[in-house]
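Q:
Chains as they are written, first to last, in full-length UniProt numbering: chain L, 1 to 477; chain Y, 1 to 90; chain B, 1 to 299; chain S, 1 to 96.
#1: Taking Cβ to Cβ, would you say residue 42(Y) is nearer than 8 Å to residue 135(L)?
#2: Could you compute how far the alpha carbon of residue 154(L) sits from the alpha carbon of residue 108(L)?
#3: Is the shortest distance between the beta-carbon of residue 98(L) and the beta-carbons of chain B less than 8 Å?
#4: So the candidates are 138(L), 239(L), 262(L) and 241(L); which of them puts its Cα closest to the Cα of residue 201(L)?
#5: Which class does residue 68(L) belong to by DSSP, given the choice of helix, strand or coil?
#6: Within the same chain, show all residues whose beta-carbon is closer than 7 Å to that of residue 218(B), passing over the 5 residues directly before and after it, in chain order.
#7: Over what stretch of residues does the alpha helix (DSSP H) that includes residue 245(L) continue unbroken?
#8: Does residue 239(B) get closer than 8 Å to chain L when you measure Cβ to Cβ?
#9: Are residue 474(L) and residue 71(L) closer than 8 Å when you measure CB to CB?
#10: Kindly identify the DSSP beta-bridge partner or partners of residue 51(Y).
#11: How about the stretch 296–315 of chain L and the stretch 405–414 of chain L: do they share at least three Cβ pairs that are nearer than 8 Å?
#12: Can you look up residue 239(L) in the DSSP assignment and give me helix, strand or coil?
#13: Run through chain C and tell me which residues come within less than 8 Å of residue 10(S), C-beta to C-beta.
#14: Would you list the residues sitting across from residue 53(L) in a DSSP beta bridge?
#15: Mind checking whether residue 83(L) and residue 37(L) have CB atoms under 8 Å apart?
#16: Since I believe residue 154(B) is in contact with residue 68(L) (beta carbons under 8 Å), could you give me their beta-carbon distance rounded to a whole number of angstroms?
#17: Given that residue 101(B) touches chain L, what residues does it touch there, using C-beta distances under 8 Å?
#18: Rank 74(Y), 58(Y), 46(Y) and 2(Y) by C-alpha distance to the C-alpha of residue 134(B) and give the top, closest one.
#19: Tell me which residues share the same chain as residue 33(S) and place their Cβ nearer than 6 Å to its Cβ, disregarding the 5 neighbours each side in the sequence.
#20: Which class does residue 131(B) belong to by DSSP, given the choice of helix, strand or coil?
#21: If contact is defined by three or more beta carbon pairs under 8 Å, each pair taking one atom from either stretch, is the stretch 204–223 of chain B in contact with the stretch 267–284 of chain B?
#22: Just grab the DSSP bridge partners of residue 293(L) for me.
#23: Measuring alpha carbon to alpha carbon, tell me which residue in 167(L), 127(L) and 417(L) is nearest residue 287(L).
#24: Comparing C-alpha positions only, which one of 39(Y), 67(Y) and 83(Y) sits nearest to residue 76(B)?
#25: Mind pulling the alpha helix (DSSP H) runs of 4 or more residues that sit fully within the stretch 46–124 of chain B?
#26: Pull up the distance between the alpha-carbon of residue 1(B) and that of residue 8(B), whole angstroms please.
#27: Roughly how many whole angstroms lie between the Cα atoms of residue 278(L) and residue 270(L)?
#28: Can you look up residue 44(S) in the DSSP assignment and give me helix, strand or coil?
#29: Spatial neighbours of residue 12(L) within its chain, please: CB distance less than 6 Å, with the 5 preceding and 5 following residues excluded, ordered by chain position.
#30: List, in chain order, every chain Y residue whose beta-carbon is nearer than 9 Å to that of residue 184(L).
#31: Please classify residue 295(L) as buried or exposed, where buried requires at least 16 neighbouring CB atoms within 10 angstroms.
#32: I'd like to know if the stretch 16–31 of chain L and the stretch 261–276 of chain B are in contact, where contact means that at least 3 CB-CB pairs between them fall below 8 Å.
#33: Can you pull the chain B residues whose beta carbon is under 8 Å from the beta carbon of residue 80(S), in chain order?
#34: Residues bridged to residue 191(L) by DSSP?
#35: Quick one: Cα of residue 99(L) to Cα of residue 232(L), how far?
#36: Among 242(L), 394(L), 80(L) and 87(L), which one has its Cα closest to the Cα of residue 41(L)?
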């Protein structure tokens, strides 16, 4: 169990060290992120060998104590966090945020690492927790770190977005807390195993509805996503990548757990998720089509993609289709992190991020543009990316069930995402006669390696999707 | 009228007041205040539910204590952000 | 007789809360909020939760109130904005309906707490005799550890946002003698609460909040500098709470094989040691959160 | 013993409450800040002291008496200081 010890304590200790020692914060941060990734790989190996395990923290068994659940789903999420985090950390080592002036730059660099490491620790805690109240506390850490990351650029718009984000997040977590209070009144305990008995009574369903609504705010699920595009588009690139790729996934993960634990009785909940998800695909897609700035387009695309994941959770029923939702979560995490990093790099090179001005004659496409294109392919769901595998499993299951309405909706959503991403990709990768003969190439930065690596990861995960699928088999449903 | 019922109603009342202000005010400070009142209401509901004939259940009390500390941390963060923004008119 | 008291108290709480939310002037609203918090603390004593009542009075009413007053001063006067009656009315109806539903859900529930008997059963193994402390620092210490992490993150966030340093006007001749009497007394009370926590209402959070109060009195009387080295030290102390807790949790795993599983015979010593560290750290954190760390205190 | 002290205890508490009530009335009825402060600080301190004294009679335990004495001391100190600070702030505001 040394791996869990590392996952649960190392990020926090490293965060404190990075907060107190500004000059060493980057080496501490990258070292801790790498060690965390190693521990995540080891724990995944352990689950593959020995199957899922539940331990009682402090030796106090549930419901009195807090259970630590190490199963396939949790491990897949841990791996996603560890590796996407590692990619973003590599980018952050050498980044130069476009929005920050010189005085602000020191502040941004100083606090990025502590905030990221606290995020990492909270996410590890969250994915392993089997207790509702413990999840609430983990969400509170995440809520604050995410706001800190948003405000890191120091610009007025980012600070305003951070304030609104924190208010929305606090409303969300208070709703979760209220749900927990009512769940306690209804069944007398608050671990995750109570969800089936919550579904059985009216009071329990009210509690569950509050928890789900709170999670929907935190997960930026349409129509409760209002805070998100501003927050994700005004942060510095590495912060946007973490927020969009990882932080919103935590809420989706808990929604998925609730849906899985609830079993067949949770059908109304899933219907709601499906409907909200469908709305999100269109609303996010439409806004991404109309967006004038690159980062805003990427942020709205997150709204749409979260919608797709919610649809996948919603239509999964109590069958095995939920694995498609997890694959979509993974592919979105990799692709969206790559996309935000690439978008930041493109904006830095051009000096602006207006979509209409992306094709410049004196600048050849560079690594960032290619990374963006690969990420876009994964988000649209073309083979052989992980996005394709996820959508394929989903569509196959839906066609088998004869759920043609959902098939149609997802196809329209896919066309929309192809359309808005094509706005960027077609301009970015334009070559031939449109580029002047003497055009320069953007110089290579270590950040490009991160964006390319994450995008390639999204591509490669499609080829290696048997690994997460094998892990997901090891989730007791 | 047992105390649990009286204070359960009080907690719900606090929640209603807070929600009303939260949805109708744009003053950042007032919204922070409303969220604090909402949290107190939720805590009151939880404690009322924890209060039974056999005394008060310790675990929900620990939840509420945790909630109070978390809330003061979030409040401090909210106010720091609000002050950085300065007065916002709308 | 007690029912009359409960009802009067409930009316007082709701009245103060309504004033806090409806009064136009900010200072008056915050004062009403603080009074409401004290009354709420009283009501929680009635609900058999004195530990929580202490925390609410010290943190929920006292420190939150101080924070709000600080911000009210810095933000300046409100710009009034008129909201139409239809909006106000419909919001009121919706809020009331929602709250009534929730109250019904709780009142009609007859869930029997699984915790109560478990806590009673295993209290003797926890090392302390106050059940709330047993839950906070042993049964569910992981929740508490994450809660301390929330405080640390808040500290980082406030430091990274870098609000302007607070400027205190000299508070006059009365503040000094006041501090001379109050600060030692508060330190004493804080230590008492910490020690008491293992058997009676009290513990690290209440003690830390009281100690933070003492710190604020010192700061406001101009006795400690609010910049430079003192702030750096305070930040180290503030962040040390999480470090102590995490290291203790890991050390427990090395000794007993279980994360946060304290050696059973000496669990009380572990708990008191952790709590002592937490008290100092919570106090430092709360003071720093109030000060709003300066922008470039360490470049 | 307890019964013997019951009557003076209750009388003292009633007297203390009377002072507090007067203080509240003053706060409500007086026209300006300074006279409100005047009503509040003195009557409040006296009222709390009387209530504490009465409560000491009722409990008749030494440790409780010490705690109550500390309460009175804190209320006296903080009441006086706050009153002073508020008055000072008002004077400063009117000067400028």
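Every residue gets a Cβ at the ideal spot worked out from N, C-alpha and C, and that includes glycine.
A: So, to answer that:
#1: no
#2: 8 Å
#3: With a pLDDT of 44 at residue 98(L), under the threshold of 50, the predicted position of this residue should be treated as unreliable, and no value is reported.
#4: 262(L)
#5: strand
#6: 179, 183 and 224
#7: Careful: residue 245(L) lies outside any alpha helix (DSSP H) and carries neither H nor E.
#8: yes
#9: Contact: yes.
#10: 56(Y)
#11: A contact exists between the stretch 296–315 of chain L and the stretch 405–414 of chain L.
#12: helix
#13: Absent here is chain C; the protein component of the structure consists of chains L, Y, B and S.
#14: Beta-bridge partners of residue 53(L) (DSSP): 70(L).
#15: For residue 83(L) and residue 37(L), yes; Cβs fall inside 8 Å.
#16: Taking the Cβ atoms as the reference, residue 68(L) lies roughly 26 Å from residue 154(B), outside the contact range of under 8 Å.
#17: 206
#18: 58(Y)
#19: 90
#20: DSSP places residue 131(B) in helix when its eight states are reduced to three.
#21: yes
#22: 354(L)
#23: When 167(L), 127(L) and 417(L) are compared, the shortest CA-CA separation from residue 287(L) is found for 417(L).
#24: 83(Y)
#25: Correct list: 50–55, 64–75 and 85–107.
#26: Residue 1(B) and residue 8(B) have their C-alpha atoms some 11 Å from each other.
#27: 12 Å
#28: For residue 44(S), the secondary structure class from DSSP, reduced to helix, strand or coil, is helix.
#29: 121
#30: Those are 46, 49, 50, 57, 59, 60 and 63, listed as they occur along chain Y.
#31: buried
#32: no
#33: 174 and 178
#34: 131(L)
#35: With a pLDDT of only 45 at residue 99(L), under 50, the local geometry of the prediction cannot be trusted, and no value is derived from it.
#36: 80(L)
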